[in-house]
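The next block holds one structure in the form of structure tokens; read it before the comments.
Protein chains in written order, with the working numbering: chain A, 1 to 243; chain B, 1001 to 1243.
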């Protein structure tokens, strides 16, 4: 999955929320984005419950219908780590660099491995792990509640610290997100310039127009991710406009 | 172990090399440092072979004779992670922040958990994990070969980057080491000032005199670690002088 993401950049990605979008609609969206050569489909949600009863079946239905790889993007929970559907192609292990808790920064990784092992899922049988250094911008009570994220200040020193950690920890990608506002183009540009060669840059949050997508690409984003933009009946037209 | 280290600081620690020091001598040294109220005994070596055949028995002999907790300090190896003797009290998981390889920075952690699981050692039965952000100073071909460590520049910007990573990743302690030279007092002082409250600061490498120990303590080190200083027949006198 990581190789595929590297090869297909720059591009766009869609994240479908399995707790909001009926599976039949998710399948249609998977078909639509595959036809547009999106390299993967993200399946994710900040909130989730009964994950094991719901998500593997949801992933299976998508994978039966469409060839596009499915990448899970959920926050971890103490005692369990990142939730894993064994039939997904990859799981984003997001290190929330601006979390107030070491758990969400990285200790969740250990939890996840212990859980996989308890479940008898050998490393070679698990989905691919893609390691992301995540950071959130703007007020965001939901991310604060989920992963203790505190908005990164949009100042040069604060961003330089994030970039240092990204480079030092060699995360596969940086995931910039703003729930309530918009990741500034300048932030994107700065992190592009200060990340290491090979590190991918994802930008997400509130993307609704093709102009925004193009502006992020111009600022160095490898992938512009949109979810909510397609959560409406006329999503096909919106998707057309976005690409 | 971490609580014990926090409670007993500032102090000194001895690291005994199980590949250099006969076990009977290690037991004598464990007794001697326990009598001096050193909170733990480190057992470690950059090089090791036949770890499972040698180290658990070595640890067992020490633990039969002395109550002092034993903490392992070895570099990880790809495919296995950090070597673990299940009877040790704790294992230092050192993230070599100045390594050229992501493996030695942190991915070895994942390897270690997979190995423990393959060995059937449940997380609750494993030794305590103590997470260290490690960095090396001065020319050091041995550390370069073992963990791809490249000397940290002794400049403010380079140290500031190390401090940022230490704080962000919330490592339990920082481990500063110089094999060939000496960690400068200024480096120690800077990292003390820029680390997070609660993070311990260990300094090691070439410590031979009580003046050096005191200078490091004055510069904010919580623990001054010495190994080679006691690798001589008159180690009891040297230990007396050091404390």
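A virtual CB, placed ideally from N, CA and C, is assigned to each residue, including glycine.
(1) Under 8 Å by Cβ, that's how I've got residue 151 (chain A) and residue 194 (chain A) pegged, so tell me the actual separation to the nearest angstrom.
(2) Let me confirm a value: residue 142 (chain A) is counted as buried when at least 16 other C-beta atoms fall within 10 Å, else exposed. Which label applies?
(3) Since residue 57 (chain A) is in the alpha helix (DSSP H), which residue starts that stretch and which ends it?
(4) For residue 1120 (chain B), count neighbouring C-beta atoms within 10 Å of its own C-beta (all shown protein chains included) and say buried if the count is 16 or more, exposed if not.
(5) Going by DSSP, which residues form a beta bridge with residue 1135 (chain B)?
(6) Based on the DSSP output, what are the partners of residue 1129 (chain B) in its beta bridges?
(7) Should the region 230-238 of chain A be regarded as contacting the region 1199-1213 of chain B, the criterion being three or more beta carbon pairs within less than 8 Å?
(8) DSSP three-state call for residue 246 (chain A): helix, strand or coil?
(9) Using a Cβ cut-off of 8 Å, pull out every chain C residue sitting near residue 1114 (chain B), in sequence order please.
(10) Let me check understanding here. Comparing Cα to Cα, which of B:1222, B:1232, B:1242, B:1227 lies closest to residue 1017 (chain B)?
(11) In angstroms with no decimal places, state the Cα-to-Cα distance between residue 165 (chain A) and residue 138 (chain A).
(12) Going along the region 139-165 of chain A in order, which residues come within less than 9 Å of chain B, judged by CB to CB distance?
(13) At least one CB of chain B closer than 8 Å to the CB of residue 136 (chain A): is that the case?
(14) From the beta carbon of residue 236 (chain A), is the nearest beta carbon of chain B less than 8 Å away?
(15) Note down, in chain order, each residue of its chain lying with its Cβ closer than 7 Å to the Cβ of residue 87 (chain A), except the 5 sequence neighbours on either side.
(16) Using only CA atoms, which one of A:125, A:129, A:178, A:12 lies nearest to residue 213 (chain A)?
(17) With distance defined between alpha-carbon atoms, name the residue in A:6, A:185, A:147 nearest to residue 211 (chain A).
(18) Is the number of C-beta pairs between the region 1082-1099 of chain B and the region 1028-1037 of chain B that are closer than 8 Å three or more?
(19) DSSP has residue 1122 (chain B) in a bridge; who is on the other side?
(20) Tell me the DSSP secondary structure of residue 1182 (chain B) in three-state form.
(21) Can you confirm whether residue 1102 (chain B), when its beta carbon is compared against all beta carbons of chain A, has any partner nearer than 8 Å?
(22) For the alpha helix (DSSP H) containing residue 1143 (chain B), list its first residue and its last residue.
(23) I'd like the list of long-range same chain contacts for residue 1020 (chain B), defined as Cβ closer than 8 Å, with 5 residues on each side in sequence excluded.
(24) Taking the Cβ atom as the reference point for each residue, do residue 104 (chain A) and residue 132 (chain A) lie within a distance shorter than 8 Å?
(25) Can you check whether the CB of residue 1015 (chain B) is closer than 8 Å to the CB of residue 1036 (chain B)?
(26) For residue 110 (chain A) versus residue 134 (chain A), is the C-beta distance shorter than 8 Å?
(27) Does residue 1168 (chain B) get closer than 8 Å to chain A when you measure Cβ to Cβ?
(28) For residue 1109 (chain B), return the contacting residues in chain A, with the cut-off set at a CB-CB distance below 8 Å.
(29) Whole angstroms is fine: what's the gap from residue 176 (chain A)'s alpha carbon to residue 1114 (chain B)'s?
(30) Have a look at the DSSP bridge pairing and note the partners of residue 15 (chain A).
(31) Could you tell me the alpha carbon to alpha carbon distance between residue 148 (chain A) and residue 1023 (chain B), rounded to whole angstroms?
(32) Under a CB-based cut-off of 8 Å, is residue 1097 (chain B) close to chain A?
(33) Taking the Cβ atom as the reference point for each residue, do residue 84 (chain A) and residue 126 (chain A) lie within a distance shorter than 8 Å?
(34) When DSSP builds the beta bridges, which residues end up paired with residue 73 (chain A)?
(35) Anything in chain A within Cβ reach of residue 1016 (chain B), meaning under 9 Å, just list it in chain order.
(36) Can you give me the start and stop residues for the beta strand (DSSP E) that residue 203 (chain A) sits inside?
Per the coordinate set shown:
(1) Their Cβ separation, rounded to whole angstroms, is 19 Å, which puts residue 151 (chain A) and residue 194 (chain A) out of contact at 8 Å.
(2) exposed
(3) 51-65
(4) exposed
(5) B:1176
(6) B:1091
(7) no
(8) With chain A represented from 1 up to 243, any question about residue 246 (chain A) goes unanswered, as that position is not in the structure.
(9) Looking for chain C here will not work: the only protein chains present are A and B.
(10) B:1227
(11) 20 Å
(12) 160, 161, 162, 164, 165
(13) no
(14) no
(15) 56, 59, 60, 63
(16) A:12
(17) A:185
(18) no
(19) BP columns for residue 1122 (chain B) are empty, so no partner.
(20) coil
(21) yes
(22) 1141-1147
(23) 1045, 1231
(24) no
(25) no
(26) no
(27) yes
(28) 109, 110
(29) 30 Å
(30) A:42
(31) 47 Å
(32) yes
(33) yes
(34) A:44
(35) Simply none; closest approach about 28 Å.
(36) 200-204
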